Amino acid sequence: MTTSMAKNEKGGKPEGFVTEITPRSEDFSRWYLDVVRRAELADYSPVKGCMVIRPYGYAMWELIQQALDSRIKASGHQNAYFPLFIPESLLTKEAEHVEGFAPQVAYVTHGGGEELEEKLVVRPTSEAIFGTMYAKWIQSWRDLPMLLNQWANVVRWEKVTRPFLRTTEFLWQEGHTAHETAEEAEAETLKILDLYSEVCESVLAMPVVQGRKSESEKFAGALRTYSIEALMGDGRALQAGTSHNLGQNFAKAFDITFQARDKSVQHVWGTSWGVTTRLIGAVIMTHGDDSGLVLPPSVAPYQVVIVPIPRGNWQETVLPKAREIQQQLVSAGIRVMLDDRDMYTPGWKFAEWELRGVPLRLEIGPKDIEKSSVLVARRDTREKAPLAMDGLAASVRALLDEIQANLFARAVQFRDERTQRVSDYDAFKTVMDGRPGFVIAPWCGSAECEAQIKTDTQATIRNMPLAGSVPSGGCVRCDNPAQAEAWFAKSY
Ligand SMILES: [Zn+2]
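Pasting the structure below:
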């Protein structure tokens, strides 16, 4: 693909290249798929609903993984690995859990040329297998808390799929913990919610709203589910991560007991929590523009691309200088791509790396070398300015920090401009018909009311912020006393 475009575009205008992406305003969903494909993040696989994550997309995942993994470990958790297959009988032990996941489960019925005595489930999530092992490993209060995490793939059979956002197989981390008391389990659930929020905001530059899910939207088998919700560029909400307080539901189903400090035998209190490769989709839809990806420096596989300007004997003059600069930046811990391919024009390279969202581009030609400077172009603002070669690594680092902060500020502003408070149902419907975004409204807590709002407007309760005050008025739809202030939106 790159090769054929190169032939067409060699010596041509970079603009022609970029029109390959459908404009965001014209068709957001088409734009998204174009960006995923053209930026070489992922491709479709021969199995419907599954995707191949290409190196550029996988490099983003590795950066997200590292950010999460270091924080998960720093907060006292250890990584382990549990198997892909779960005997069907284990999944059915927790009634709500099996009911919730049944429509999405894939089974293995044959192995080694023979029909299996018991069907195996390809894990849709791992509470059942963690629960089974925890029942073996936990005997005493001294074994608690047990704080494990695993990086794994899971399979949930989906009818409608979209790369990164909803795929039949996806990658994630799933934490599973067991505690002595209800309070500890609740504290763990919320601690992880904070951890996820911090990664989304400081690494992905994506603001999130923390809150509790309604009963109808909670995890199958959980006591309470909390989520973080972000607003995408088309005004739809995306659930970016969930943390569940499982109470004693799984402990009772899997018989996970321990001898307490007072010598009584008790069930543990559990939590589970996860974020997935969906976060890559979130980054694309939070920051991208009509020219393609816009990556926050913290998750950019290349934070800087150096494009040498081929004039005269550039390979003897410009190229060595470009390599020297690359080395300087790499030594300073910056991820750099030096695009020294001679079959592409600088214009073609500019458009290509813009499309792939590289935060900073450094152009260097004979004139820049004479002036001992480089020309720097920002992806977020498209501003261009000369930068002195002297102290370049420090000024590049400062610019990357500025871009990271700017992208976050921009996303906060976008979300705030599309978040409104309403208390009247006609106003609610009008808002949902118009420009999408978050609507904060009082809700009575009834599932019927929630379902009716969804039927009328397609909007669902994303969550109910923890800090939200209980509104004094009536529910936005039925006017019964409100129990919570809920954040509504159309969502992915
Ligand atoms: Zn109501």
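Remember, our numbering sits 1 above the position in the sequence shown when you count from 1.
We treat Cβ as the ideally placed atom computed from N, Cα and C, and that holds for glycine.
These numbers were taken from a predicted model, which means no experiment stands behind them.
Handout entry: Minimum length 4: unbroken alpha helix (DSSP H) runs contained in the region 308-381
Key = You should have 319-332, 347-356, 367-371.
Problem - Cα-Cα separation, V276 to I193 - result: When rounded, the distance between both Cα atoms is 11 Å.
Exercise for the section: Assign W138 to buried or exposed, taking buried as 16 or more other Cβ atoms, counted over all protein chains shown, within 10 Å of its Cβ. Expected result: W138 counts as exposed, since fewer than 16 other C-beta atoms from the protein chains shown sit within 10 angstroms of its C-beta.
Exercise for the section: Under 6 Å Cβ to Cβ from A394, same chain only, skipping five residues before and after it: list those, please. Expected result: Counting only residues of its own chain and dropping the five nearest sequence neighbours on each side, A394 has a CB closer than 6 Å to the CB of Q329, L330, A333.
Problem - Ordered list of beta strand (DSSP E) runs contained in the region 26-89, each at least 3 residues - result: If you keep only unbroken beta strand (DSSP E) runs of at least 3 residues inside the region 26-89, you get 43-45, 52-54, 86-88.
Practice task
Measure the Cβ-Cβ separation of P347 and V308 and say whether it is below 7 Å.
Solution key: Less than 7 Å separates the beta-carbon of P347 from that of V308.
Handout entry: Assumed close pair R167, E175 - CB separation to whole angstroms, cut-off 8 Å
Key = Contact check for R167 and E175: beta-carbon distance about 17 Å, past the 8 Å limit, so the pair fails to qualify.
Practice task
May I have the straight-line CA-CA distance separating H245 from L376, to the nearest angstrom?
Solution key: When the Cα atoms are used, H245 and L376 turn out to be separated by approximately 49 Å.
Problem - Residue(s) in a DSSP beta bridge with E230 - result: Beta bridge pairing from DSSP links E230 with V210, Q240.
Practice task
Return yes when the Cβ of R312 is within less than 7 Å of the Cβ of P367, no when it is not.
Solution key: With contacts defined as CB atoms closer than 7 Å, P367 and R312 qualify as a contacting pair.
Exercise for the section: Check whether the Cβ of S473 lies closer than 6 Å to any heavy atom of ligand 1, and answer yes or no. Expected result: Not under cutoff, so the answer is no.
Problem - Cut-off 7 Å between Cβ atoms - residues of its own chain near H180, not counting five sequence neighbours on either side - result: When the five nearest sequence neighbours on each side are left out, the beta carbons in the same chain lying within less than 7 Å of the beta carbon of H180 are those of L145, P146, A186, E189, V269, W270, in order along the chain.
Practice task
Could you name the residues of the same chain whose beta carbon sits closer than 7 Å to that of G474, not counting the 5 residues immediately before and after it, in chain order?
Solution key: Cβ within range, chain order: S424, P443, A483.
Problem - DSSP bridge partner residues for I462 (one or two, in chain order) - result: Answer is F489, bridged to I462.
Practice task
Put F255 into one of helix, strand or coil per three-state DSSP.
Solution key: Helix at F255.
Problem - CA-to-CA distance, L363 to A428, given in whole angstroms - result: In a straight line, the C-alpha of A428 is about 49 Å away from that of L363.
Handout entry: S203: CB within 6 Å of a non-hydrogen atom of ligand 1
Key = S203: no, Cβ never under 6 Å from ligand 1.
Practice task
Use the C-beta contact count for E184: other C-beta atoms within 10 angstroms, 16 or more gives buried, fewer gives exposed.
Solution key: By the 10 Å Cβ count, E184 comes out exposed.
Practice task
Quick one: grab the DSSP three-state call for Y426.
Solution key: Y426 sits in a helix when the DSSP states are folded into three classes.
Handout entry: Inter-stretch contact (C-beta, 8 Å, three-pair minimum) for the region 86-104 and the region 213-225
Key = Counting Cβ pairs under 8 Å, three or more are found: they touch.
Problem - Within the region 107-185, ranges of the alpha helix (DSSP H) (whole runs, at least 4 residues) - result: Positions of the alpha helix (DSSP H) runs, each at least 4 residues long and wholly inside the region 107-185, are given as 128-138 in order along the chain.
Practice task
Using 10 angstroms around the beta-carbon of H111, count the other beta-carbons present and answer buried if the total reaches 16, otherwise exposed.
Solution key: By the neighbour-count definition (other C-beta atoms within 10 Å, threshold 16), H111 is an exposed residue.
Problem - As assigned by DSSP and simplified to three states, the class of N246 - result: In the structure shown, N246 sits in a strand (DSSP, three-state: E or B).
Problem - C-beta atoms of Q79 and L149 nearer than 7 Å - result: In this structure, Q79 places its C-beta atom within 7 Å of the C-beta atom of L149.
Problem - Proximity to I370 [Cα-Cα], best of D381, V319, M286 - result: Relative to I370, the option among D381, V319, M286 whose CA is nearest is V319.
Handout entry: Beta-carbon gap between A206 and Q67 smaller than 7 Å
Key = Not closer than 7 Å, so no.
Exercise for the section: Look at the alpha carbon of Q140 and the alpha carbon of Y82, and state the distance between them as a whole number of angstroms. Expected result: Put simply, the backbone Cα of Q140 is about 21 Å away from that of Y82.
Problem - D290 (DSSP reduced to helix, strand or coil) - result: DSSP places D290 within a strand segment (E or B) once states are collapsed to three.
Problem - S374 vs A389 beta-carbon contact at 7 Å - result: Yes, Cβ-Cβ distance for S374 and A389 is below 7 Å.
Handout entry: Neighbourhood of D28 by C-beta distance below 6 Å, restricted to the same chain and skipping five residues each side
Key = Leaving aside the five residues that flank D28 on each side, none in its chain has a CB nearer than 6 Å to its CB.
Handout entry: By C-beta, the residues closer than 7 Å to any heavy atom of ligand 1, given in chain order
Key = Residues with a Cβ closer than 7 Å to any heavy atom of ligand 1, in chain order: W444, C445, S447, C450, C476, R478, C479, N481.
Handout entry: C-alpha gap between H288 and I454, whole angstroms
Key = In a straight line, the C-alpha of H288 is about 30 Å away from that of I454.
Practice task
Evaluate R213 with the Cβ neighbour count: other Cβ atoms within 10 Å of its Cβ, from every protein chain shown; 16 or more gives buried, anything less gives exposed.
Solution key: With 16 or more Cβ atoms within 10 Å of its Cβ, R213 is classed as buried.
Exercise for the section: Using three-state DSSP, classify S447 as helix, strand or coil. Expected result: Under the three-state reduction of DSSP output, S447 falls in the coil class, being neither helix nor strand.
Problem - Length of the line joining the Cα atoms of C476 and G248 - result: If you take the alpha carbons of C476 and G248, they lie about 29 Å apart.
Practice task
Could you check the C-alpha separation between I130 and E355 for me, to the nearest Å?
Solution key: Straight across, the Cα-Cα distance linking I130 with E355 is about 45 Å.
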